[in-house]
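Visitor: In the numbering used here, each number is its position in the sequence shown, counted from 1, plus 253.
No residue lacks a Cβ here, since even glycine has one placed at the ideal position from N, Cα and C.
These numbers come from a predicted model, not from an experiment.
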Amino acid sequence: MTDNTLLTVRGLSLEVVRTGHRVVKDVSFDIAAGEIFGIVGESGSGKTLATRALISLLPPAIAVTGGSIVYKGQDVMSLPVKALRNLRGAEIGVVFQEPMTSLNPSMTIGRQLEEGLILHTKLSGEERRARILDMLSRVGIRDPEGALTAYPHEFSGGMRQRIMLASVMLLKPALLIADEPTTALDAVIQRDVMELMVELTRAEGTAVLLISHDLPMVARYTRRIVVMEKGAIVEQGRTEDLLDAPQQPYTKKLLSSLPFRGEPRRIDTSKAPMVSARDIVVDYAGRKSLLKKAKSKRALHGVSIDIHEGEVVALVGGSGSGKTTLGRTIAGLVKESEGHIRFQGRERNEDWKDYRLNCQMVFQDPYSSLDPRMTIQALVEEALRLVPDLDQAAKRKRALETLEEVGLGADYAARYPHELSGGQRQ
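(1) Tell me which residue opens and which closes the alpha helix (DSSP H) that Gln-677 is part of.
(2) Relative to the C-alpha of Ile-594, which residue among Val-276, Val-556 and Ala-631 is closest?
(3) Can you tell me whether DSSP reads Asp-432 as helix, strand or coil?
(4) If you reduce the DSSP assignment to three classes, tell me which class Gly-264 lands in.
(5) Given a cut-off of 8 Å on the beta-carbon distance, is the pair Phe-292 and Met-417 in contact?
(6) Given Ala-400, which residues of its chain have a CB within under 6 Å of its CB, disregarding the five upstream and five downstream residues?
(7) Using 8 Å as the cut-off, can you tell me whether the region 268 to 283 makes contact with the region 638 to 647, which would need three or more C-beta pairs spanning the two stretches below that distance?
(8) Within 10 angstroms of its Cβ, does Ala-667 collect 16 or more other Cβ (buried), or is it exposed?
(9) I'd like the ranges of any alpha helix (DSSP H) spanning at least 4 consecutive residues and lying wholly in the region 278 to 340.
(10) With distance defined between alpha-carbon atoms, name the residue in Pro-641, Pro-426, Leu-307 and Lys-650 nearest to Ala-631.
(11) Does the structure place the region 256 to 266 close enough to the region 310 to 329 that three or more beta carbon pairs sit under 8 Å?
(12) With H, G and I counted as helix, E and B as strand and the rest as coil, what does DSSP make of His-593?
(13) Quick check: what's the CA-CA separation for Arg-599 versus Leu-311?
(14) In three-state terms, what does DSSP make of Ile-394?
(15) By the DSSP assignment, the beta strand (DSSP E) with Met-527 in it spans what residues?
(16) Unbroken beta strand (DSSP E) runs of length 3 or more, entirely within the region 401 to 481: which are they?
(17) Which class does Gln-489 belong to by DSSP, given the choice of helix, strand or coil?
(18) With DSSP run on the structure shown, which of helix, strand or coil describes Glu-709?
(19) In the DSSP assignment, find the unbroken beta strand (DSSP E) run with Ile-558 in it and report its ends.
(20) Of the residues Ser-281, Ile-284, Glu-433 and Ala-314, which one's Cα is nearest the Cα of Gly-273?
(21) Of all Cβ atoms in chain D, is any one closer than 8 Å to the Cβ of Tyr-324?
(22) Relative to the alpha-carbon of Phe-408, which residue among Arg-444, Thr-301, Leu-356 and Leu-370 has its alpha-carbon at the smallest distance?
(23) Report the rounded CA-to-CA distance for Thr-304 versus Arg-473, giving the unit in angstroms.
(24) Which of the three DSSP states, helix, strand or coil, is assigned to Asp-664?
(25) Name the two residues that bound the continuous alpha helix (DSSP H) containing Ile-371.
(26) Is Ala-306 near the ligand SAM, judged by its Cβ being under 7 Å from some heavy atom?
(27) Assign Ile-629 to one of three DSSP states: helix, strand, or coil.
(28) Tell me the rounded alpha-carbon separation between Lys-506 and Gln-613.
See the structure below:
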């Protein structure tokens, strides 16, 4: 520990209250002022729970059973509630993996960004507005003025993450906790968001605790890394040392888990496509007021695409380019304004039930897709409601088999979504 140490964690241990299962075991590390420090591990390694404990944001099902957390000389675990709230906003900011769950869907972006400034500063209304507009511009929001009166659902995932970053950096925190900040974003903008985060934090002298499963990405921005597996630190040290000469098998496994770039599978495209979308136009209605007529916004401009059986088609574009809208339109979740979609040679609308069975969608934000009141097994079984000739026993059997196939196992069946990490939910 040095004189410029900002945060010190010693022997942190956490367990599940109901079962006594230890999910974080004797974790220790330091973060210096202005440093970008990385914690790396796969889904379920305990990295997110360990960092949530730093600001007392653990779910009720998880309890601290040992260790200490000291921030700027203060024992965080002994702070009263009011001091903790001030610490979270003014001193420590957090950017989570799923921005849509962090933003209030019923409040405009302007009101949400202003909340923190009202609570933690003495700025006037005019000064707050000026600072918000400046920060929105700095994080790359094209129309800062328009964004103030817009709602979260009107932005793409990448733009929502930029807004979250803006809300945190408005208060100029000493430490930013970035929990899988780019995992839910497409590859085109992942690097942009990370570069933006590094640029903003360096300009303000903010330290960053960067949490991710992506070791190469974390290594690009950090000088020191902690590697976690099954709730414990298995390796830590200087980033270049871990990359050049990893000591533990788990670290070597993370380094080797890079995308395979072999020969693509050959598909016979001479046959009729399984899905054919032609000249798709999607217009979103704008907001109207007493003095202003609603102005529609065109999200898709005459897009056509074919998908053949067994084919993997990549749809790539920047944040707000319309790729998600096209996917939702093909899935039937957004109605096209013009154009038509055919499935297996027939108009999609001829048999909606059959199409629903054959066209499934995995969303960017799994937490919003899963009912928090249902167990994992019940959620998986619910998807089988549309499958004919399956009794309850068969549904249960298939649900458990599917959990095994995605690497969760039967012991996750009785858990709830909040008891899983972001990667496990996905």
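Guide: Let me lay it out:
(1) In the sequence shown, the residue the question calls residue 677 occupies position 424. Per DSSP, Gln-677 belongs to the alpha helix (DSSP H) from 675 to 678.
(2) In the sequence shown, counting from the first residue as 1, residue 594 sits at position 341. Cα-wise, what sits closest to Ile-594 is Val-556.
(3) Position 179 of the sequence shown, counted from the start, is the residue given in the question as residue 432. When DSSP states are grouped into helix, strand and coil, Asp-432 belongs to the strand group.
(4) Within the sequence shown, numbered from 1, the residue matching residue 264 stands at position 11. In this structure, Gly-264 counts as strand in the three-state DSSP scheme.
(5) One-based indexing of the sequence shown puts residue 292 at position 39. One-based indexing of the sequence shown puts residue 417 at position 164. It is worth fixing the name first, because residue 292 is Ile in this sequence and not Phe. Not closer than 8 Å, so no.
(6) The count along the sequence shown starts at 1 and reaches residue 400 at position 147. Cβ within range, chain order: Ile-362, Leu-389 and Ile-394.
(7) They do not touch, by the three-pair rule.
(8) Within the sequence shown, numbered from 1, the residue matching residue 667 stands at position 414. Classification of Ala-667: exposed, given that the 10 Å Cβ count is below 16.
(9) 300 to 306 and 334 to 339, all fully within the region 278 to 340.
(10) Here residue 631 refers to the residue found at position 378 of the sequence shown. Closest in C-alpha terms to Ala-631, from the list Pro-641, Pro-426, Leu-307 and Lys-650, comes Lys-650.
(11) Two segments are said to touch when three or more pairs of C-beta atoms, one from each, lie closer than 8 Å; by this definition the region 310 to 329 touches the region 256 to 266.
(12) Within the sequence shown, residue 593 is the residue found at index 340, counting from 1. Strand.
(13) Position 346 of the sequence shown holds residue 599. Position 58 of the sequence shown holds residue 311. Answer to the nearest angstrom: the Cα atoms are 50 Å apart.
(14) Translated into the one-based positions of the sequence shown, residue 394 becomes position 141. DSSP places Ile-394 in coil when its eight states are reduced to three.
(15) Here the question's residue 527 lines up with position 274 in the sequence shown. Careful: Met-527 lies outside any beta strand (DSSP E) and carries neither H nor E.
(16) For the beta strand (DSSP E) assignment, the uninterrupted runs of no fewer than 3 residues enclosed by the region 401 to 481 are, from N- to C-terminal side, 428 to 432 and 460 to 465.
(17) Within the sequence shown, numbered from 1, the residue matching residue 489 stands at position 236. Looking at Gln-489 - three-state DSSP - the assignment turns out to be strand.
(18) This structure does not reach residue 709, given that the chain is present from 254 up to 679, and the question cannot be answered.
(19) Locating residue 558 in the sequence shown gives position 305, counting from the first residue. Per DSSP, the continuous beta strand (DSSP E) segment holding Ile-558 begins and ends at 550 to 560.
(20) Walking along the sequence shown from the start, residue 273 turns up at place 20. Gly-273 has its Cα closest to that of Ala-314, out of Ser-281, Ile-284, Glu-433 and Ala-314.
(21) Absent from the structure: chain D. Only one protein chain is present.
(22) For this step, residue 408 is matched to residue 155 along the sequence shown. In terms of Cα proximity to Phe-408, the closest of Arg-444, Thr-301, Leu-356 and Leu-370 is Leu-356.
(23) Position 51 of the sequence shown, counted from the start, is the residue given in the question as residue 304. Position 220 of the sequence shown, counted from the start, is the residue given in the question as residue 473. Each residue's alpha carbon lies about 21 Å from the other.
(24) Here residue 664 is taken as the residue at index 411 of the sequence shown, counted from 1. If DSSP states are grouped into helix, strand and coil, Asp-664 belongs with the helices.
(25) For the purposes of this step, residue 371 is taken as the residue at position 118 of the sequence shown. For Ile-371, the uninterrupted alpha helix (DSSP H) run begins and ends at 362 to 373, by DSSP.
(26) This structure does not include the ligand SAM; it has no bound ligands of any sort.
(27) Within the sequence shown, residue 629 is the residue found at index 376, counting from 1. In the three-state reduction of the DSSP assignment, Ile-629 falls in the helix class, which pools H, G and I.
(28) Stepping through the sequence shown from its first residue, residue 506 is reached at position 253. Stepping through the sequence shown from its first residue, residue 613 is reached at position 360. Between Lys-506 and Gln-613, the C-alpha separation is close to 31 Å.
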